[in-house]
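In our numbering, the protein residues as written are 6 to 211.
Here a beta-carbon is modelled for each residue, glycine too, at the ideal position from N, C-alpha and C.
Remember, it's a predicted structure, so these values are computed and weren't measured experimentally.
Here is the structure we will look at, set down as structure tokens.
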Ligand code: TYD
């Protein structure tokens, strides 16, 4: 089963994934965690270009092609083989980040993005997507406070507002795939909710 975590900046995805993975492992599932952009050696090199504060001239179109290049590599090299081996794959961001950030955020055409995504991933879609929803100001303040500021975080506030609203719209359009979690709740409460949702879904599948 392929599970993705999505959300605006500072929503806490990355800090929730290890505990969620451990919990699933304790329940007998073979779990593989990965993240975007990155997750492969080539993907990590692309991530450097994307997040470096030294690249302010990077254009939205260039940005999207780099995200997609990293994703194509990750799907073929890591995600598909893991799914074929019967693993649960937990991925920190995936195609919906492209729709939310490059589509809703930068205003690139959603249908063109969907076609490109389909090409990059050979049509691989998540079975379940967890949206960690959080208001933008809280999220950006959290990120700044832990010193993880990168080029993409530095976009203006209205960009991040469009990203958040875009995510909520995507979740509404495909309610059977998405589950929205309130990421403003205390960290352990968020973890409990994530565990319940994922375990229920995995047990449904067995
Ligand atoms: P990262 O430091 O991993 O942020 P986070 O911890 O919030 O996931 O940086 C990834 C950044 O890339 C983040 O700002 C979201 C952005 N992004 C896109 O704009 N499009 C995409 O397709 C992906 C995967 C990420």
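In terms of Cβ geometry, residue 188 and residue 12 form a close pair [threshold 8 Å]. Judged by DSSP in its simplified three-state form, residue 114 adopts coil rather than helix or strand.
Collapsing the DSSP output to three states places residue 151 in coil. Secondary-structure assignment with DSSP links residue 7 through a beta bridge to 94. As the crow flies, the alpha-carbon of residue 167 is around 6 Å from that of residue 109.
Following the DSSP letters along the chain, one finds residue 40 inside the beta strand (DSSP E) bounded by residues 36–40.
The count of Cβ pairs closer than 8 Å, one atom from the region 68–85 and one from the region 40–47, reaches three, so the stretches are in contact. Counted as a single uninterrupted DSSP element, the stretch harbouring residue 107 is not any alpha helix (DSSP H), since DSSP gives it neither H nor E. Take the alpha-carbon of residue 175 and the one of residue 131: they are about 13 Å apart.
In the three-state reduction of the DSSP assignment, residue 134 falls in the strand class, which pools E and B.
Secondary structure at residue 187: strand, using DSSP grouped into helix, strand and coil.
Shortest gap from the CB of residue 23 to any heavy atom of the ligand TYD: 7 Å or more.
Counting C-beta pairs with one atom in each stretch, the region 122–139 and the region 33–40 have fewer than three that are closer than 8 Å, which means they do not touch. Here DSSP, grouped into helix, strand and coil, assigns residue 61 to coil. If you draw a straight line from the Cα of residue 63 to the Cα of residue 55, it comes to about 8 Å.
When the Cα atoms are used, residue 180 and residue 172 turn out to be separated by approximately 12 Å. Note that the C-beta distance between residue 89 and residue 121 is not below 8 Å.
One thing to note: residue 145 has its Cβ within 8 Å of the Cβ of residue 14.
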